[in-house]
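Notes follow the structure.
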Amino acid sequence: QLPTTKLQHQDANAHLHPFADYRLKQQQISQIIVKGDGVYVWDSEGHCMIDAMAGLWCTNVGYGRKSIADAVHKQMLQLSFYNTFFHTTHLPAIELATKLVEISPAQFNHVFFVGSGSEGNDTIVRLVRHYWNQKEQPGRQIIISRQNAYHGSTMAGASLGGWPSMHKQGGLPIPGIVHIGQPSYLEGGQGKSVEEFGLEAASWLENKIRELGPENVAAFIGEPVQGAGGVIVPPSTYWPEIQRICDKYGILLVADEVICGFGRLGTWFGCEALGFRPDLITFAKGVTSGYVPLGGVLVADRIVDTLAETGGEFNHGFTYSGHPIGCVAALENIRILEQENILNQVKNETGPYFQQKLTALNAHPLVGNSGGIGFLGGFNLYKHKGSTVHDHIPFSTSDNAGNLARANILASGVIVRLMPGDRLLMSPPLTLTRKEIDDTFNKITQGLDKTYEQLKQ
Ligand code: PLP
Numbered sequence: 006q007l008p009t010t011k012l013q014h015q016d017a018n019a020h021l022h023p024f025a026d027y028r029l030k031q032q033q034i035s036q037i038i039v040k041g042d043g044v045y046v047w048d049s050e051g052h053c054m055i056d057a058m059a060g061l062w063c064t065n066v067g068y069g070r071k072s073i074a075d076a077v078h079k080q081m082l083q084l085s086f087y088n089t090f091f092h093t094t095h096l097p098a099i100e101l102a103t104k105l106v107e108i109s110p111a112q113f114n115h116v117f118f119v120g121s122g123s124e125g126n127d128t129i130v131r132l133v134r135h136y137w138n139q140k141e142q143p144g145r146q147i148i149i150s151r152q153n154a155y156h157g158s159t160m161a162g163a164s165l166g167g168w169p170s171m172h173k174q175g176g177l178p179i180p181g182i183v184h185i186g187q188p189s190y191l192e193g194g195q196g197k198s199v200e201e202f203g204l205e206a207a208s209w210l211e212n213k214i215r216e217l218g219p220e221n222v223a224a225f226i227g228e229p230v231q232g233a234g235g236v237i238v239p240p241s242t243y244w245p246e247i248q249r250i251c252d253k254y255g256i257l258l259v260a261d262e263v264i265c266g267f268g269r270l271g272t273w274f275g276c277e278a279l280g281f282r283p284d285l286i287t288f289a290k291g292v293t294s295g296y297v298p299l300g301g302v303l304v305a306d307r308i309v310d311t312l313a314e315t316g317g318e319f320n321h322g323f324t325y326s327g328h329p330i331g332c333v334a335a336l337e338n339i340r341i342l343e344q345e346n347i348l349n350q351v352k353n354e355t356g357p358y359f360q361q362k363l364t365a366l367n368a369h370p371l372v373g374n375s376g377g378i379g380f381l382g383g384f385n386l387y388k389h390k391g392s393t394v395h396d397h398i399p400f401s402t403s404d405n406a407g408n409l410a411r412a413n414i415l416a417s418g419v420i421v422r423l424m425p426g427d428r429l430l431m432s433p434p435l436t437l438t439r440k441e442i443d444d445t446f447n448k449i450t451q452g453l454d455k456t457y458e459q460l461k462q
């Protein structure tokens, strides 16, 4: 038995949480998570919950893997830290770089290690600008990203991101980053087929490149499927058209795979599931299943060859670039993903079953626009449902529907994430079995039924 109330006060007194409103600090009652095993976590009150968010989109192989703990323990005793600056290295970094090259798309034969997704995206900004300088096209400095995207919390990460609330804090975006709309059929697709809308959304990139002048544009960055921005699966026409436009204007294409990488869409990288061929990939989260922080940037031969030919130091790196503990955790995590055939299950078995259950949630009187891909999904809550997604009527903010539903679903034993607009998101561990999927959706339905009753009153 843990003294939950005392610990909550201690936390509120000393701990500034990320993405929290500090005015509410004293009233804030944080849930204290004390244990994880498989797809379950427990709080300090002993409640057991299915973690349908995999921590923060990252616990891909589930909690409590002894083999990862053993690998980390062994490495800590062998060599707890060494850096990879200049021309030093260590065995875990060599082995992980080799493994990542083996499992990544053919154009990638090199990786630059960082400590997190945000650091990965900062690295991208500096690397693409360095590349164009070395190519003697120094005008190419602008990076095009998308509104409502999330690419991290560092100055460059938050600038690439498209959240006005983040831009307001810190005078962002930094110079040379511009945004276009995202391929959200719900928001922009009215009166069009999904495929037509995909082409239209991609054309916004071409329009922006023409407006800026291609000679000024360095790169375009996007998540294969936008995650924290709302799990927005683009129309199938979107990415191939984006690829065509980037090729046409010689612009580097960057996939932020921090969420989509390492099996979440049933492939090592989301770009493989969505059918495009990036020049750079940012990864983090799922590479270690969140057991230890580690991230990286996969860099295509086209870029590496230029940098190798032109020379000049890339003045960039982090103390923890390729931290040996992160590297061994990643290696064991990747070994588990392979040995347990997890990608295949997500692609062909449990993933489609998860999506089937998610789509079936649309039958609930509160739910519309449910769906996703692989083990990534979301659904919206509506006050009234019309015949198409564009005819549904949302709740007003004062109804507090999203908060109510999230709390009721949590009380039923499932952790989901709420985002503005009463959209609930899911990104469970990739090991979720059929039985656990059934259990997850039964509990979600229980929580939604209760919410429906409360909102009716
Ligand atoms: N990129 C994407 C797509 C993310 O979802 C996140 C984090 O949620 C990041 C980058 C930032 O990663 P980190 O929190 O490890 O810095």
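All residue numbers for the sequence shown refer to full-length UniProt numbering, where the first residue is 6 and numbers rise by one.
All C-beta atoms in this analysis are idealised placements derived from N, C-alpha and C, irrespective of residue type, glycine included.
Residue span of the alpha helix (DSSP H) that contains residue i, given as start and end
i: Asn138; result: Gly122 to Gln139
i: Ile247; result: Tyr243 to Tyr254
i: Arg439; result: Arg439 to Lys461
i: Trp168; result: Segment: none, Trp168 is in no alpha helix (DSSP H) and carries neither H nor E.
i: Lys352; result: Ile347 to Asn353
i: Trp209; result: Val199 to Leu217
i: Asn18; result: Thr9 to Ala19
i: Ser72; result: Lys71 to Gln83
i: Trp273; result: It is not in any alpha helix (DSSP H) - Trp273 carries neither H nor E in the DSSP assignment.
i: Leu312; result: Asp306 to Thr315
i: Ile330; result: Pro329 to Gln344
i: Val145; result: Before going on, a small fix: residue 145 reads as Arg here, not Val. Here Arg145 belongs to no alpha helix (DSSP H), and DSSP marks it neither H nor E.
i: residue 1; result: Because the chain in this structure spans residues 6 to 462, residue 1 falls outside the shown range and cannot be described.
i: Val106; result: Leu96 to Ile108
i: Leu366; result: Leu366 -> no alpha helix (DSSP H), and no H or E assigned at all.
i: Gly60; result: Ala59 to Trp62
With 16 other Cβ atoms within 10 Å as the buried cut-off, status of residue i
i: Ala365; result: exposed
i: Gln6; result: exposed
i: Met171; result: buried
i: Val133; result: buried
i: Met431; result: buried
i: Asn408; result: exposed
i: Phe118; result: buried
i: Leu435; result: buried
i: Arg131; result: exposed
i: Val259; result: buried
i: Phe446; result: buried
i: Ile226; result: buried
i: residue 471; result: Lying outside 6 to 462, the shown extent of the chain, residue 471 is not represented and no answer is given.
i: Ser241; result: exposed
i: Tyr155; result: buried
Straight-line Cα distance separating residue j from residue i
i: Val304; j: Gly125; result: 11 Å
i: His95; j: Thr89; result: 7 Å
i: Gly300; j: Thr287; result: 8 Å
i: Arg411; j: Ser35; result: 15 Å
i: Val292; j: Ile108; result: 12 Å
i: His135; j: Gly377; result: 36 Å
i: Pro298; j: Ala57; result: 21 Å
i: Ile339; j: Gly266; result: 11 Å
i: Trp244; j: Leu270; result: 15 Å
i: Lys388; j: Ile398; result: 6 Å
i: Ile129; j: Gly379; result: 26 Å
i: Ile449; j: Arg249; result: 41 Å
i: Asn212; j: Pro283; result: 20 Å
i: Ile37; j: His20; result: 13 Å
i: Leu101; j: Ala335; result: 7 Å
i: Gly175; j: Asn405; result: 30 Å
i: Trp47; j: Ile73; result: 20 Å
i: Pro188; j: Gln231; result: 9 Å
Beta-carbon separation (whole angstroms), residue i vs residue j, contact threshold 8 Å
i: Val236; j: Gly373; result: About 14 Å; that fails the 8 Å criterion.
i: Glu262; j: Phe281; result: About 12 Å separates the two Cβ atoms, so there is no contact after all.
i: Pro357; j: Ala59; result: In fact, because the Cβ distance is near 18 Å, the residues do not count as touching under 8 Å.
i: Thr272; j: Leu348; result: 6 Å
i: Lys290; j: Ile330; result: Contact flag wrong, Cβ pair sits at about 16 Å.
i: Leu371; j: Leu386; result: 5 Å
i: Ile247; j: Leu210; result: 6 Å
i: Cys276; j: Pro219; result: Contact flag wrong, Cβ pair sits at about 22 Å.
CB contact check: residue i to chain C, cutoff 8 Å
i: Tyr87; result: Here chain C cannot be found, since the structure has a single protein chain.
Limits of the beta strand (DSSP E) - the one that residue i falls within
i: Ile34; result: No beta strand (DSSP E) contains Ile34, which DSSP labels as neither H nor E.
i: Tyr190; result: Counting along the chain, Tyr190 falls outside any beta strand (DSSP E), though it belongs to the alpha helix (DSSP H) covering Tyr190 to Gly193.
i: Gly373; result: Val372 to Ile378
i: Ile286; result: Leu285 to Phe288
i: Arg428; result: Arg428 to Met431
| field | Meets three-Cβ-pair contact criterion under 8 Å: the stretch 106-126 and the stretch 138-146 | value | no
| query | Just checking, does the stretch 417-427 make contact with the stretch 49-63 on the three C-beta pairs under 8 Å criterion? | reply | yes
| message | Within 8 Å, do at least three Cβ pairs link the stretch 235-250 to the stretch 305-313? | response | no
| Taking three-plus beta-carbon pairs below 8 Å as touching, is the stretch 183-198 in contact with the stretch 148-161? | The stretch 183-198, when compared against the stretch 148-161, does touch it at the 8 Å Cβ threshold.
| query | Using 8 Å as the threshold, is the stretch 193-206 in touch with the stretch 100-107, meaning 3 or more CB pairs across them? | reply | no
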